[in-house]
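Below is one structure, written out as structure tokens; comments come after it.
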Amino acid sequence: MTSDTLLKNGRAAAALLAGGIGSLMVGLLTTLSEAVEFVGPALNWVKPVGPLSGKTTLAVIIWLIVWVVLNKQWKDRDVEFDKFALISLILLLFGILGTFPPFFEIFM
Amino acid sequence: MEITFREWWGIIHGLAFGASYLLAFTGGLLSLYSLKPEFLTAEGLKERIKRLNIWVTGMAVIAWATVITGTYIVYPWYRATPPEGTTDLSDYPRSLLLSIPEKAEWHKFGMEWKEHVAWIAPIAATVVAYVVMTYGPQLVKEPKIRKALINFFVVAFIAAAVAGMLGAFITKAAPVL
């Protein structure tokens with residue numbers, strides 16, 4: 003592979019940042035569902051599964067949309083990879099925090 | 003010795019996919035970590051990339067299969083509401099756990115965390131699979147991307163491990179029969 007054919011880092015940054023945002027959405031919707039009374043019932047998209055169906059489906063939809071948009075913007079560019087990789091990792095970890103019961107119970 | 007239909011699904015969801023996920027994670031992580039110029043010849047790189055593609059794609063597919071079967075097949079049996087007046091709650095694990103004060107935390111903490119955190123694993127694993135498939139051999143020249151992928155890979159594993167371990171404990175406390 004020559005340097006002429008090397009891909010720019012934008013595609014990787016877009017995928018990572020979108021993944022971080024998708025993870026954050028899982029955590030955010032989990033917390034919102036506990037904190038705001040109408041959110042849980044509004045996310046009850048598949049009755050036997052309950053609000054989990056809406057929370058996770060919506061998070062996946064947002065993740066995919068963000069990914070498509072970012073990829074379109076960045077795919078042929080070099081971006082500040084270190085910065086976006088760090089932000090992505092932080093968002094990923096915030097996503098996990100948002101699903102942690104002792105955390106979201108603070109807002110109940 | 004009998005395994006019910008629901009238990010079979012529990013085994014597929016937790017044991018078959020869970021063990022495969024662990025295998026794919028180990029293979030993928032080692033392949034990704036060792037993707038360094040000093041470790042590889044041109045011929046070795048081709049072979050390594052092929053193998054890495056299989057591991058990371060496998061991990062992402064297994065992660066999706068695990069959360070989808072867990073959420074849409076096993077979980078509805080777990081959370082089903084017993085009919086009014088039911089005294090034997092063994093077919094209703096969630097209600098059974100909540101009815102026993104010493105076991106209620108398995109639902110309130112265990113299942114509440116498991117059912118949500120598990121969904122972070124396939125998202126992170128898909129990101130890793132996409133970047134590996136897209137960049138291929140170029141990754142050997144991209145230490146920053148490799149490092150970011152390893153971080154995502156490890157977080158994907160931690161999310162799945164938390165969900166898997168809690169699932170095993172919850173199944174012990176109140177199995178889906």
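Protein sequences, first through last, are from chains A and B. Mind the numbering: the first sequence is residues 3 to 110 in the numbering used here, read in order. Mind the numbering: the second sequence is residues 3 to 179 in the numbering used here, read in order. Backbone N, C-alpha and C define an ideal beta-carbon position, used for all residues, glycine too.
query                                                                                                               : result
Residue of LEU18(A), GLY29(A), SER25(A), ALA61(A) minimising C-alpha distance to PHE106(A)                          : GLY29(A)
Where VAL148(A) falls, given that 16 or more other Cβ within 10 Å makes a residue buried                            : Outside the displayed range of chain A (3 to 110) lies residue 148(A), so it cannot be described from this structure.
Where the alpha helix (DSSP H) through ALA26(B) begins and ends                                                     : 19-35
VAL48(A), DSSP secondary structure in three states                                                                  : strand
Identity of the residue in ASN46(A), PRO50(A), PRO43(A), LEU45(A) nearest TYR74(B) by Cα                            : PRO50(A)
Helix, strand or coil at GLY87(B) [DSSP, three-state]                                                               : coil
Alpha-carbon to alpha-carbon, VAL38(A) and ARG8(B)                                                                  : 34 Å
Endpoints, alpha helix (DSSP H) assigned at ASP84(A)                                                                : 83-100
Spatially closest choice to LEU32(B) from ILE51(B), GLY20(B), GLU45(B), by CA coordinates                           : ILE51(B)
For PHE19(B) and ILE56(B), believed in contact at Cβ under 8 Å, the rounded distance                                : Not confirmed; about 17 Å, so no contact.
Proximity test, Cβ basis, 8 Å: LYS146(B) and chain A                                                                : yes
Run of the alpha helix (DSSP H) containing LYS149(B), from where it starts to where it stops                        : 145-175
Touch test, the stretch 20-28 of chain A against the stretch 66-77 of chain A, Cβ-Cβ under 8 Å, three pairs minimum : yes
Same chain only: Cβ atoms within 8 Å of SER55(A), ignoring 5 sequence neighbours per side                           : LEU45, ASN46, TRP47, VAL48
Close Cβ partners of THR59(B) (< 6 Å) along its chain, the five nearest in sequence each way excluded               : ALA131
8 Å Cβ shell around ILE108(A) - same chain, five flanking residues per side excluded                                : none
Collapsed DSSP secondary structure at ILE23(A) in the structure displayed                                           : helix
Sequence-distant residues of the same chain with beta carbon closer than 6 Å to GLU154(B), five excluded per side   : This sequence places Phe at residue 154(B); Glu is not what is there. Excluding sequence neighbours, PHE154(B) sits near ALA126, VAL129, VAL130.
Extent of the continuous alpha helix (DSSP H) to which ASN73(A) belongs                                             : 53-76
The stretch 154-178 of chain B: positions lying closer than 7 Å to chain A by Cβ                                    : PHE154, VAL157, ALA161
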